[in-house]
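If you're matching positions, the sequence shown starts at 40 in my numbering and goes up one per residue.
Every residue gets a Cβ at the ideal spot worked out from N, C-alpha and C, and that includes glycine.
Keep in mind it's a predicted model, so treat the numbers as computed, not measured.
Okay, structure first, notes after.
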Amino acid sequence: MTSTPTSTVQLAHTFADELPELTLDWQAAELPAPELLVLNESLARQLGLDPAELRSPEGLGVLTGTRPPPGARPVAQLYAGHQFGSWNPRMGDGRALLLGDLTAPSGARFDLHLKGSGRTPFARGGDGYAAVGPMLREYVLSESMAALGIPTTRALAVVATGAVVRRERALPGAILVRVAAGHLRVGSVEYARATGDVALLRRVADHAIARHHPTAADAAHPYRALFEAVVAAQAQLIAQWMAVGFIHGVMNTDNMTLSGETIDYGPCAFLDAYDPTTWFSSIDELGRYAYGRQPAIAEWDLARLGEAMLPLLGDDPEVSDDLDTAVAWATGALTSFGALYRAARRARYLAKLGLPQAVTADETDPLIEQLLTLLKQGRVDFTGFFRALTAAASGDDAMLSGLGAPEVELQTWLGQWRRVGADSIDAAAMAAVNPVYIPRNHLVQEALDAATAGDLAPFTTLVDVLRDPFVERPGLDRYALPADADFAADFQTFCGT
């Protein structure tokens, strides 16, 4: 009698062990004909996983959750959140499972998380499944963000399920295997606070400190230090988003991580023409989460985190009813977001302009704002302009012509830029922060349409191009160009639920 092979993947269940009130043991749905569509082999190796094993039948069982590795404990996570500003007291993983966590060879701990693995009790009317297009979309977008150096969850694999999911039409089903430093969200803290169980709230905060912000444990007031750390991490993250023209699309509090990673790529997109009022999400009817509103929305979300943490933020972290003191402290602490964000934004733009960080704000702040006004007036391609400016830093102004910026004003601005930079404009440094290739919305859509029809070649090529976004390569001109006006006028993004 032969034994059935089992996976050698070893997963702990730290979250479920430490916060059982925020989990529900659950099993992924069985699948009719699972097939691996894409495997991120380099990420697998970083995690200490064997790509060959993940491609095996046993590995496929792990990647779909249908055959978890020995000792694993898959759970659906429970959280609350503010969605488009409205409170929802009970949300959670309606179509997702936390398989567990592992320690990579680097010593870092990561979650393995499935999206589209079947309906859970938190599904709120959804069917629990996902389509190939949206799962491949998260794969390419999150991997592009990682290549751009922006904190993000990662994509380990996408597996076709062999099932059909019904959206606006019948679509092939898929599961995304997501890798993250953790899945604690602002909404996780909000849920714990809403239970009225201060001990649970304290354990959630302790888990966040241990997992994401360990230096807070050594502070005189660890919970205040945790809040400050999350505020600082989010200020940096939003500045990074803005510097590459990223629009998240659904900045609800359940989509803000305590780790400072970008999470949930459902309706996200990138700017082509620079316009702060731009948004693409089909579910954002009023533009609440438009590109230019993202810093303010992040601060709003962090205010909700502060409210949820109030029982822990009094003068004595062990006393939970010092709410007046807690409110006063949290209000003051939250005001730091604006200054931190502005400093991070300024640093990003100085790098994009090739200017030393030591240049005074009096010289550079007007320069930055004048440039953005020009880009908006001319509806200039955001990514293309900064790459053309990189060439101009080496003396080649030709790429700047024809981009749409008002010519006289642009030449005046270029003169000011060169005067401020004097001899210190660093073209090589600019090339390292101004990408040639981003996930252009039309190219992503083209790749997903082909993949949905069974052709993965455009998707594979796009992923390969985006893995090295700062180096221009021959034969890839179309990947550096914005969409035509007709596409841009009608383009919308969808969550895929």
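Assignment of P395 by DSSP, reduced to helix, strand and coil, places it in the coil class. Rounded to whole angstroms, Y230 and T103 show a C-alpha spacing of 28 Å. Here Y313 has G284, L411, L414, K415, R418, V419, D420, F421 and F424 as same chain residues with Cβ atoms under 8 Å from its own Cβ, once five neighbours each way along the sequence are excluded.
With a contact defined as Cβ atoms closer than 8 Å, Y178 and V197 qualify at about 5 Å. Along the length of the segment 393-436, whole alpha helix (DSSP H) runs at least 4 residues long occupy 400-417 and 421-432, reported in chain order. Bridge pairing for I336: absent [DSSP]. Distance from P128 to A119 at the Cβ level is roughly 5 Å; contact confirmed, criterion being Cβ atoms closer than 8 Å. DSSP places V472 outside both helix and strand once states are collapsed to three, so it counts as coil. Under the criterion of beta carbons closer than 8 Å, Y518 and L482 qualify as touching, at roughly 6 Å. Taking the Cβ atoms as the reference, Y304 lies roughly 6 Å from S181, within the contact range of under 8 Å. Classified as buried, Q279 has 16 or more neighbouring CB atoms from the shown chains inside 10 Å of its CB. In the three-state reduction of the DSSP assignment, L505 falls in the helix class, which pools H, G and I. In terms of Cβ geometry, L223 and S156 do not form a close pair [threshold 9 Å].
Less than 9 Å divides the Cβ of A219 from the Cβ of E300.
Here V243 is buried, its C-beta having at least 16 other C-beta atoms within 10 Å. Distance from the Cα of S321 is smallest, within the candidate group A308, L215 and L344, for A308. Under the three-state reduction of DSSP output, S183 falls in the helix class. The alpha-carbon separation between A427 and M438 amounts to approximately 5 Å. Per DSSP, H52 is not a residue of any alpha helix (DSSP H), being assigned neither H nor E. Less than 9 Å separates the beta-carbon of A522 from that of N480. The residues P497, in chain order, have a CB closer than 7 Å to that of E485 in the same chain once the five nearest residues on each side in sequence are set aside.
Separation of the CB atoms of P211 and T491 is rounded to 7 Å, and the pair is thereby assigned contact status at 8 Å.
In the three-state DSSP reduction, R381 falls in the helix class (H, G or I). Of the residues G514, P478 and A143, the one whose Cα lies closest to the Cα of Q85 is A143.
Within the same chain, R387 come within 6 Å of A282 by CB-CB distance, once the 5 residues on both sides are set aside. CA-CA distance, E97 to G201, rounds to 17 Å.
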